[in-house]
Each structure stands twice: as structure tokens, then as C-alpha cells.
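Numbering (the working numbering), first residue to last: 106 to 300.
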């Protein structure tokens with residue numbers, strides 16, 4: 106019978122070599138990407154629409170909203186839609202329409218949410234009774250069926266000579282009477298008139 110005895114130095118070297126081998130095996134398995142992992146990084150649309158103009162009508166058959174985009178891409182994995190340079194127009198019976206533009210957009214699978222991203226700008230022109238209004242932020246979630254939008258990003262609002270800036274975003278209801286709530290540190294400048 107062969108007897109083998111290991112001293113402590115040989116035992117430590119053996120354990121370290123075993124750990125290095127296990128670490129090398131684990132690292133090599135991390136470098137091999139499965140085909141699913143490769144394709145998950147790059148989503149592919151199942152269809153693309155160029156120069157889209159969509160119109161939603163109200164109960165009386167009048168335009169309620171329009172959505173324009175140079176390119177729409179639909180993704181079958183989550184049924185969502187991506188938009189390039191979307192332009193949403195929200196009509197109102199008693200005020201000029203709102204024009205909301207951004208660099209990119211995303212529409213949820215159920216079509217209830219529109220996320221506008223990158224230099225979002227919402228504008229309403231003036232009338233004899235209303236000052237022009239411009240709202241600027243970097244991201245805005247719109248719920249078009251509710252005439253509602255919100256953001257948690259810095260937001261600026263210009264209305265004629267008046268100005269407001271909110272650090273932590275705002276909520277806005279576009280239907281008349283239009284109202285909004287601003288969050289976080291908010292600075293407001295009201296222009297005064299001499300009467």
C-alpha cells in the first residue's frame with residue numbers, strides 16, 4: 106500500500122490551484138453568450154411605418170388628437186411602439202390646440218401611454234383672451250385619453266410675460282379649465298401691469 110502525506114505548503118498550493126481552476130472555468134462560462142442573450146440586446150421591429158399621420162376623432166366626428174411621426178416602429182416582444190420626432194396635437198373646443206413635440210417617443214402596448222423623451226416642448230398659441238403658453242422639459246408621460254401629462258424632470262413654463270420653473274416636475278391637465286401642479290423647488294415670476 107502506497108502512503109502519501111502532504112505537508113501544509115503542498116496542501117495550500119493544491120487548494121489555490123483548484124480555486125484558480127474553478128475561477129477560470131466560471132469566467133469562461135460568462136464569456137459565452139447564448140443566442141437568446143445576443144438577440145435580446147438588439148430588438149427588431151416586425152413592421153415600420155414611414156411618415157405617419159394618425160387622427161383620433163371625438164363623439165361628434167371632429168378631430169380630437171393627431172399624431173405625426175417620420176417613422177414608427179412596432180416591436181412584437183412587448184407590443185410597444187417607438188416613434189421618431191413625434192408631434193402630438195391635442196384639440197380643445199374653447200382654446201387653441203396644444204402642439205407637443207419631442208425627439209423620441211414610446212407608446213405602450215395598450216396605447217394608453219405616450220412617453221415623449223428628449224427636448225419635449227408643448228406649445229399653445231394665444232387668443233384674445235389667452236396668453237401663449239410654452240412648456241419645456243426632457244421627458245413627459247402623456248395619457249391622451251385623459252388629457253393629462255406628468256413629468257418628474259425639471260420643467261419650465263412660459264406664459265406671455267410670466268415664467269415658472271419646477272425642479273421636480275409637474276402635472277398638467279390640458280382640458281379646459283386647464284390646470285397644473287408643480288413639484289419641488291419652484292420659482293415663479295409674474296409680470297405686473299400698471300393700472
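Just so you know, even glycine gets a beta-carbon here, dropped at the ideal spot from N, CA and C.
On a predicted model such as this, the values are computed, not experimentally measured, just so you know.
{"query": "Chain-order list of residues whose beta-carbon lies under 7 Å from that of residue 214 (same chain, five-residue window excluded)", "result": "183, 184, 185"}
{"query": "Chain-order list of residues whose beta-carbon lies under 7 Å from that of residue 281 (same chain, five-residue window excluded)", "result": "197, 199, 200"}
{"query": "Within 8 Å, strictly: CB atoms of residue 274 and residue 291", "result": "no"}
{"query": "6 Å CB neighbourhood of residue 224 in its chain, flanking five on each side removed", "result": "208"}
{"query": "Span of the beta strand (DSSP E) around residue 175", "result": "168-180"}
{"query": "Rounded straight-line distance, which links the Cα of residue 172 to that of residue 263", "result": "24 Å"}
{"query": "Beta carbon of residue 241 nearer than 8 Å to that of residue 258", "result": "no"}
{"query": "Between the CA atoms of residue 271 and residue 261 - distance to the nearest angstrom", "result": "7 Å"}
{"query": "Per-residue DSSP class, three states only, for residue 115", "result": "helix"}
{"query": "Cβ-Cβ distance between residue 193 and residue 170 below 8 Å", "result": "yes"}
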